[in-house]
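S.K.: Submitted below is the structure of interest, expressed as structure tokens.
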Amino acid sequence: MKIWINPRCGKSRAALKELDAAGMKYTVRRYLEDPPSAGELEEVLERLGLEPWDITRLDEPAAKELEMRQWTREPADRARWIAAMAEHPVLIQRPIITTDDGHAVVARTPEVLRTVLP
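Using this note's numbering, the first residue of the sequence shown is number 10, and each one after it goes up by one.
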């Protein structure tokens with residue numbers, strides 16, 4: 010199991026606390042310090058079953074500067090969104106948990122987080 014976190018994020022810290030309480034073994038990726046490549050983002054999106062705009066933090070200054078709220082959300086636009094997230098990882102919603110069985114979630118709520126716990 011891997012978890013992408015921002016240690017300054019309360020939801021990331023809460024997820025780590027829950028994983029620890031459940032005795033889960035996991036690897037932490039501080040994705041702001043170790044940004045994912047466009048290919049890694051593609052893989053995670055596939056595992057999540059989501060589109061890049063579904064996990065983009067549109068209230069971040071970088072998103073506002075890029076005017077991402079005006080970007081279209083069509084299949085042809087995926088690469089543009091992914092490139093922006095790879096260049097500005099702060100745009101990626103967190104925490105993202107990927108499990109060894111291929112399952113992945115954006116664990117923003119306790120209910121979603123529980124789906125990866127035993």
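Yeah, the Cβ is synthetic: ideal placement off N, Cα and C, and Gly gets one too. Keep in mind that this is a model prediction, so the values were computed, not measured.
Rounded to whole angstroms, what's the CA-CA distance from V125 to T108? Just pull it up for me.
M.R.: Counted from its first residue, the sequence shown places residue 125 at position 116. Counted from its first residue, the sequence shown places residue 108 at position 99. Their backbone Cα atoms lie some 7 Å apart in a straight line.
S.K.: Could you give the first and the last residue of the continuous beta strand (DSSP E) run that contains K11?
M.R.: Looking up residue 11 in the sequence shown gives position 2. Membership of K11 in the beta strand (DSSP E) is indicated by the continuous run 11-14.
S.K.: Which of the three DSSP states, helix, strand or coil, is assigned to V99?
M.R.: Sequence index remark: in the sequence shown, residue 99 carries index 90 (1-based). Helix.
S.K.: For R66, name the three-state secondary structure that DSSP assigns.
M.R.: Within the sequence shown, the letter at position 57 stands for residue 66. Three-state DSSP puts R66 in coil, outside helix and strand.
S.K.: A113 lies in the beta strand (DSSP E); which residues open and close that run?
M.R.: Mapped onto the sequence shown, residue 113 falls at position 104. 113-115 is the span of the beta strand (DSSP E), which, as asked, contains A113.
S.K.: Opposite T107 in the DSSP bridges: which residues?
M.R.: Working through the sequence shown from its first residue, we reach residue 107 at position 98. Its beta-bridge partners are K11, A113.
S.K.: Can you find the residues in the same chain that come closer than 8 Å, C-beta to C-beta, to K20, ignoring five residues on each side of it along the sequence?
M.R.: Residue 20 sits at position 11 when you count from the first residue of the sequence shown. Correct list, in chain order: R103, P104, A116, R117.
S.K.: Would you call the CB atoms of I91 and L25 closer than 8 Å?
M.R.: Start at 1 with the first residue of the sequence shown, and residue 91 comes out as number 82. Start at 1 with the first residue of the sequence shown, and residue 25 comes out as number 16. For I91 and L25, no; Cβs fall outside 8 Å.
S.K.: Cα separation between A88 and K11?
M.R.: In the sequence shown, counting from the first residue as 1, residue 88 sits at position 79. In the sequence shown, counting from the first residue as 1, residue 11 sits at position 2. Distance between the alpha carbons of A88 and K11 is about 24 Å.
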